[in-house]
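Peer 1:
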Amino acid sequence: MNIENLVRPNIKRLKPYRSAREEFDGKADIFLDANENSMGSTVGQDLNRYPDPMHRNLKAELSRHKNVSANRIFVGNGSDEAIDLLIRAFCEPGQNTVMLMPPTYGMYKVSADINATETVQIPLDQDFQPDVNAVCQYLANHAEVKIIFLCSPNNPTANLMEDKRLEQLLNVFNGLLILDEAYIDFSDGTGWLNQLDQHPNLVILQTLSKAWGMAAVRLGMAFADPRIIDILYKIKPPYNVNGLTQHMALQALQNRQIYVTMVETIRHQKNVLINALEPLKQVKRIFPSDANFLLVRFAEHQQIYEQLMQNGIIVRDRSKMPGCQSCLRITVGTQEENNKLIQVLKEMES
Ligand SMILES: *Cc1c(COP(=O)(O)O)cnc(C)c1O
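Numbers in the working numbering are just positions in the sequence shown, counted from 1, shifted up by 4.
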């Protein structure tokens with residue numbers, strides 16, 4: 005696969021902005037190159053210097069945690085930044101298209117729309133798996149498709165995509181397959197990070213927002229062939245990941261045991277929640293979940309949604325998405341939160 009030929013010509017030609025700190029790679033004690041405030045910051049902490057635009061320390065640490073070499077790692081202001089940059093780098097507006105497989109995460113379409121890139125939708129099949137035949141048929145005479153987005157475990161359906169189907173898609177597609185693994189930490193599957201070497205057109209997205217409990221700091225990752233990573237670094241805003249975020253992300257990675265324990269707790273609470281939901285008359289179906297949430301089909305989802313809301317519990321109404329009729333998406337909460345949820349639902353039964 006020739007990655008360079010997939011990139012938009014203007015991006016290929018682009019001379020990127022070089023920040024002061026990037027131009028210098030020796031050792032120095034006195035920094036008078038970036039018009040920072042040499043006196044310090046207004047809050048006392050060490051904040052007066054621009055952060056590392058190349059995220060070197062963070063990538064080194066992520067490289068150890070993920071067992072992926074640092075030149076295959078991009079970090080961004082949430083995975084949402086990587087989604088946007090990937091479309092911007094590879095899709096010529098009004099010309100190339102992005103393939104989506106609904107029901108899935110809403111940001112792919114929003115990002116494509118912002119970048120004036122049309123989306124083509126090939127729905128997941130009855131089991132919420134990619135419809136490989138339909139995809140292949142479409143791709144056979146639509147060379148303008150540059151990117152396919154897939155999410156595994158998928159939001160909002162909570163299931164993992166089958167390895168075999170992903171393999172088929174990777175082999176047949178001549179563009180980038182972007183696999184969003186935001187929820188992979190909660191799953192029994194291993195994910196696709198260890199397959200990066202074999203598939204130069206595979207891009208994997210992960211995030212600290214879910215299993216690591218760091219949604220507020222905004223730290224997303226893209227893992228891919230170094231040529232793709234270089235392109236993302238070339239076009240990103242120079243200081244896309246701020247110093248506080250880099251600092252907190254490094255700290256989070258030092259607390260791996262807390263992450264492991266929380267993931268175990270969430271997986272346990274999910275099973276408790278499933279067992280409590282199953283006997284309820286209102287509950288028609290709980291879809292298998294490899295994530296930290298459940299997709300649940302109710303008899304009267306609207307009534308449930310409103311009753312929960314009146315009790316101060318918000319869940320996500322996904323009933324308008326294809327294949328998700330009458331479904332609500334419920335994030336696994338703490339034991340107390342889940343108990344309250346079940347209590348409200350039980351009261352409705354009687
Ligand atoms: C929550 C979520 C993300 C995380 O996005 P961030 O910008 O990293 O917070 C990414 N993809 C999916 C499918 C999600 O549900």
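Glycine included, every Cβ here is placed at the ideal spot set by N, Cα and C.
Predicted, not measured: the structure shown is a model, and the values here were computed from it.
Ligand 1: which residues have Cβ under 5 Å from any of its heavy atoms, chain order?
Peer 2: Those residues, listed in chain order, are Gly-82, Ser-83, Asp-84, Tyr-109, Cys-155, Asn-159, Asp-184, Ala-186, Thr-211, Ser-213, Gly-224.
Peer 1: Identify which residue in Ile-233, Ser-323, Asn-342 has its Cα closest to the Cα of Ala-74.
Peer 2: Along the sequence shown, one-based indexing puts residue 74 at 70. Here the closest residue by C-alpha is Ile-233.
Peer 1: Starting from Leu-154, trace the beta strand (DSSP E) both ways and give me its first and last residue.
Peer 2: Looking up residue 154 in the sequence shown gives position 150. Segment 149-155, the beta strand (DSSP E) holding Leu-154.
Peer 1: Determine the DSSP secondary structure at Glu-304, reduced to helix, strand or coil.
Peer 2: For the purposes of this step, residue 304 is taken as residue 300 along the sequence shown, with counting starting at 1. Reduced to three states, the DSSP call for Glu-304 is coil.
Peer 1: Could you give the distance in angstroms between the alpha-carbon of Asn-61 and the alpha-carbon of Phe-78?
Peer 2: By 1-based counting over the sequence shown, the position of residue 61 is 57. By 1-based counting over the sequence shown, the position of residue 78 is 74. One C-alpha to the other measures close to 12 Å.
Peer 1: Quick one: is Met-103 near chain D, going by C-beta distance under 8 Å?
Peer 2: Absent from the structure is chain D; it holds one protein chain and no more.
Peer 1: On the premise that Phe-302 lies in contact with Lys-288, defined as a C-beta separation below 8 Å, what is that separation, rounded to the nearest angstrom?
Peer 2: Counting from 1 along the sequence shown, the entry for residue 288 is found at position 284. Counting from 1 along the sequence shown, the entry for residue 302 is found at position 298. With a Cβ gap of about 6 Å, Lys-288 and Phe-302 count as contacting.
Peer 1: Tell me the rounded alpha-carbon separation between Leu-299 and Thr-335.
Peer 2: Numbered from 1 along the sequence shown, position 295 holds the residue referred to as residue 299. Numbered from 1 along the sequence shown, position 331 holds the residue referred to as residue 335. Distance between the alpha carbons of Leu-299 and Thr-335: 9 Å.
Peer 1: Would you mind working out which of Ala-226, Tyr-263, Ile-278, Ala-138 sits nearest Phe-297, comparing C-alpha positions?
Peer 2: Walking along the sequence shown from the start, residue 297 turns up at place 293. Minimum Cα distance to Phe-297 is reached at Ile-278.
Peer 1: CB-CB under 6 Å to Arg-333, same chain, minus the five flanking residues each way: which ones, in chain order?
Peer 2: Walking along the sequence shown from the start, residue 333 turns up at place 329. Result list for Arg-333: Pro-160, Phe-297, Leu-299, Arg-320, Arg-322, in chain order.
Peer 1: What does DSSP give as the partner residues of Phe-227 in its beta bridges?
Peer 2: Within the sequence shown, numbered from 1, the residue matching residue 227 stands at position 223. Answer is Ile-77, Ile-208.
Peer 1: Assuming Val-136 contacts Ala-116 under a Cβ cut-off of 8 Å, what Cβ separation, rounded to an integer in Å, is found between them?
Peer 2: As a first step, residue 136 is located in the sequence shown; it is residue number 132 there, counting from the start. As a first step, residue 116 is located in the sequence shown; it is residue number 112 there, counting from the start. Going by Cβ atoms, the distance from Val-136 to Ala-116 rounds to 22 Å, so no, they are not a contact pair.
Peer 1: So Gln-258 is in the alpha helix (DSSP H); what residue range does that whole segment cover?
Peer 2: Position 254 of the sequence shown holds residue 258. Per DSSP, Gln-258 belongs to the alpha helix (DSSP H) from 247-258.
Peer 1: Terminal residues of the continuous alpha helix (DSSP H) containing Glu-340?
Peer 2: Locating residue 340 in the sequence shown gives position 336, where the first residue counts as 1. Counting along the chain, the alpha helix (DSSP H) containing Glu-340 begins and ends at 339-353.
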